[in-house]
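Scroll down for the structure; my scribbles are underneath it.
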Amino acid sequence: MINNRALWKAWLLAVGVMVPWNTVNAESSSEDAIAEYRAMFGDDNPAELWLIRGKDLWQQRRGPKNADLSGCDLGRGPGVIEGAYAELPRWFADTGRVQDLETRLITCMTMLQGMAEADILAVRFGDGDNKSDLEALVAYVADASKGHAVSLPMTHSQEKAAYALGAALFYHRAGPHDYSCNTCHGENKKRIRLQAMSKLDDAKGARDAYTHWPAYRVSQGELRTMEWRLQDCYRQQRMPQLKFGSEVAIALTMFLAKNAEGGVMAAPSIKR
Amino acid sequence: MRLDSYPLAVMIVILWSQAGAFARANEMSASDVTTALRSSFVAKGQATMERLQQDETQTLCTAHARHPLPPEVAEHVSALNRVTIKPPANGQYLGDFKRGEIVALSGTGLQSSDDPAKPAGGNCYACHELAATELAYGTIGPSLRRYGKLRGSSKVTLEFAWGKIYNSNAQTACSRMPRFGHHGILSEQQLQDVMAFLFDPASPVNQ
C-alpha cells in the first residue's frame with residue numbers, strides 16, 4: 001500500500017515539479033523547486049521502496065551459502081547497521097583496505113553469501129525494471145545512520161593516505177575541458193544552469209552535499225549512491241569511465257566524508 | 273659503533289621511516305596520483321585513457337590550485353597558451369548568431385556517453401547569462417548580457433573575445449573556462465557563430 005502511494009506521488013510530483021521549472025522567473029532557483037517538491041512529499045520519499053527491498057535483502061538467506069547478512073561487519077561489529085554509514089569509508093582488517101559502503105557490502109555478499117562479485121557488479125546501477133540489489137542495500141544501511149553525525153575513525157595510515165589522494169584528485173585538472181572537481185565545486189552559492197553547487201573542500205558545502213547521499217534522483221527514477229554520483233561527475237568532466245570501488249572512487253569519497261565531519265546524515269534524500 | 277648505542281640507532285631508523293610514512297600519507301606526489309588514476313579508469317566511447325595525461329598548463333594549474341597563482345607561473349601559462357590562438361582562416365570573426373545560440377545552449381559533446389559523430393556544444397549557459405530570454409543560466413562565469421551592445425565591435429574587441437573563447441588561459445592563466453579552440457571542442461565555424469551570438473546587433477544577447 002505504502003509502495004503504491006509513494007510511487008504514485010513520485011510520478012505525480014515529478015510531473016508537477018517540471019511546470020514551475022518551465023515557467024521559472026529569474027529570481028527563483030532550482031533549490032526552491034526541489035524544496036517545494038520535498039515539502040509536497042511530507043514524510044514520503046520514493047527511496048522508501050529501495051529501503052524496504054534493502055531490508056529484505058539484508059534479512060533473507062541468499063546466495064550459494066544460503067546466508068543472511070547478520071554477520072556483515074560494516075565497522076561497528078557484525079550485523080550492526082545503526083550509525084555505520086556515518087563512519088565510512090574506513091580501513092578493514094579482513095580485506096586490508098579502505099572501503100566505502102558499496103565495496104564493503106560486496107565483501108559481505110561474496111564472503112558470507114558466496115555470491116560472485118561480477119554478478120553483483122553487473123547490476124551495480126539499477127535501470128528501470130532491472131533494479132540493483134546493491135542500491136537497495138545502500139539505502140537500507142544509510143537510512144540507519146539518519147541523525148548520526150559523520151565521524152570517521154581516520155586512524156589507519158591507509159585512511160590518511162586515501163584522504164590525501166582524494167584531496168589531490170579534487171584539484172586535478174585534465175581532459176579536453178581542463179576540468180577538475182574544483183572547477184564546479186570550488187565556491188558556494190554558484191550555479192550551473194539553475195543547479196546550485198556546493199564548495200566541497202570546506203565543511204559547510206561538504207556537509208550539505210555528503211549528508212544527502214544516497215538519494216532518490218527524480219530525473220532518473222532511481223536511488224543513486226555516492227559511487228554513482230562520482231562516476232557521473234567524471235563522465236561530465238569528459239574523463240574515461242571511473243571503475244566501481246576503485247582507488248580514486250574510495251579516495252574521493254573519503255575526502256568528501258572527512259570534509260563533512262560533524263554534519264548530520266539525512267540520507268536517503270530526494271534530489272533533482 | 274658502540275654496542276649500547278645500537279638500540280638508539282634502531283630507534284632513530286624506525287622513527288625516520290615512520291615519519292616518512294606519515295608524510296607520504298598526508299601528501300601525494302604527482303606520480304602517486306597518476307598511478308591511482310591509471311588503475312581507476314577504463315576507456316569508454318570517445319573518452320580514452322589519454323585524457324588522464326595532463327599537458328603543461330594542466331600540470332601547473334593543478335600544482336597551484338590551492339593557493340594564489342605566482343605571477344611568474346601565471347605569465348608562463350599565459351605565454352604557453354597565447355601562441356596557440358589562430359585567427360579565423362577567412363578573416364571573418366562573426367558567423368551566424370542563430371547557429372551560435374544553438375552552440376551556446378548545447379551542453380553535450382566529448383563525454384563518454386556522447387555520439388562522437390555529432391558536433392559538441394559550447395555549454396555557455398552552464399556558467400554565463402546571455403540572452404534575457406534564457407533564464408536557466410549559471411553563475412560561475414560573468415554575465416555576458418548585451419555583450420556586443422556594451423562593447424561595440426572594433427577589431428581589438430573582436431580579437432579579444434575570439435582569443436578568450438579560443439584559449440581562455442592566454443588572458444587568464446588557469447581560468448576555469450575550457451579552451452574551446454585550442455582543444456578542438458568547437459570548430460572554427462562554431463567559434464565564429466558563437467562570436468556572432470555575442471556581437472550581432474540582432475542577436476538575442478543584445479536585445
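From first to last, the protein sequence lines stand for chains A and B. Residue 1 is where the first sequence starts when you use my numbering, and the numbers rise one by one after that. Residue 273 is where the second sequence starts when you use my numbering, and the numbers rise one by one after that. We treat Cβ as the ideally placed atom computed from N, Cα and C, and that holds for glycine. The model shown is predicted, which means the values in this text are computed figures rather than measured ones.
- The beta-carbon distance between A162/A and P89/A, rounded to whole angstroms, is 7 Å. This is short enough to meet the 8 Å contact definition.
- Contact annotation: S151/A and E36/A have beta-carbon atoms that are not nearer than 8 Å.
- Burial is judged here by how many other beta carbons sit within 10 angstroms of a residue's own beta carbon; A139/A has at least 16 and is buried.
- Taking the C-beta atoms as reference points, K316/B is found nearer than 8 Å to P240/A.
- Within chain B, the C-beta atoms nearer than 8 Å to that of I192/A come from A398, C399, G410, I412, in chain order.
- Exclusion of the five residues before and after G175/A leaves Q237, R238, M239 as the residues of its chain whose Cβ lies within less than 7 Å of its Cβ.
- Around the beta carbon of S145/A, 16 or more other beta carbons lie within 10 angstroms, which makes this residue buried.
- The distance from the Cβ of G147/A to that of M115/A is about 31 Å, inconsistent with a contact at the 8 Å cut-off.
- The C-alpha of T331/B lies about 14 Å from the C-alpha of R448/B.
- With the criterion set as a beta carbon lying under 7 Å from some beta carbon of chain A, the stretch 341 to 373 of chain B has no members that meet it.
- For M197/A, the enclosing beta strand (DSSP E) covers residues 195 to 197.
- For R418/B, not one C-beta of chain A is nearer than 8 Å to its own C-beta.
- Under the 8 Å Cβ criterion, the stretch 414 to 428 of chain B counts as touching the stretch 384 to 404 of chain B, having at least three qualifying pairs.
- Collapsing the DSSP output to three states places V314/B in a strand.
- DSSP, read as helix, strand or coil, puts N45/A in coil.
- Neighbours of T320/B in chain A, taken as residues at a C-beta separation under 8 Å, are given in chain order as P240.
- For Q113/A against K65/A, the beta-carbon gap comes to about 5 Å, under 8 Å, which counts as contact.
- In this structure Q464/B is buried. Its beta-carbon is surrounded by 16 or more other beta-carbon atoms within 10 angstroms.
- Cβ neighbours of P359/B within its own chain (closer than 6 Å, five residues either side excluded): none.
- Contact of K316/B with chain A by beta-carbon distance below 7 Å involves P240, Q241.
- Shown here, V305/B sits in a helix according to DSSP, grouped into three states.
- The three-state secondary structure of N353/B, taken from DSSP, is helix.
- A Cβ-Cβ distance of about 13 Å is found for the pair R224/A and R235/A, leaving them out of contact under the 8 Å criterion.
- Not flagged as an interface residue toward chain B: L69/A, since no C-beta distance is shorter than 8 Å.
- Taking 8 Å as the cut-off, the Cβ atoms of P391/B and Q318/B do not count as close.
- The three-state secondary structure of E135/A, taken from DSSP, is helix.
- The C-alpha of A474/B is placed about 44 Å away from the C-alpha of L169/A.
- Judged by DSSP in its simplified three-state form, Q241/A adopts strand.
- Linking D472/B to R193/A through their CA atoms gives a straight-line distance of about 24 Å.
- Here DSSP, grouped into helix, strand and coil, assigns I412/B to coil.
- V314/B places its beta carbon less than 8 Å from that of K243/A.
- Residue contact check for V248/A against chain B: a CB pair falls below 8 Å.
- When the five nearest sequence neighbours on each side are left out, the beta carbons in the same chain lying within less than 7 Å of the beta carbon of D208/A are those of S198, in order along the chain.
- For C446/B against L341/B, the beta-carbon gap comes to about 6 Å, under 8 Å, which counts as contact.
- D127/A has N130/A as its beta-bridge partners, per DSSP.
- In the structure shown, the three-state DSSP call for K271/A is strand.
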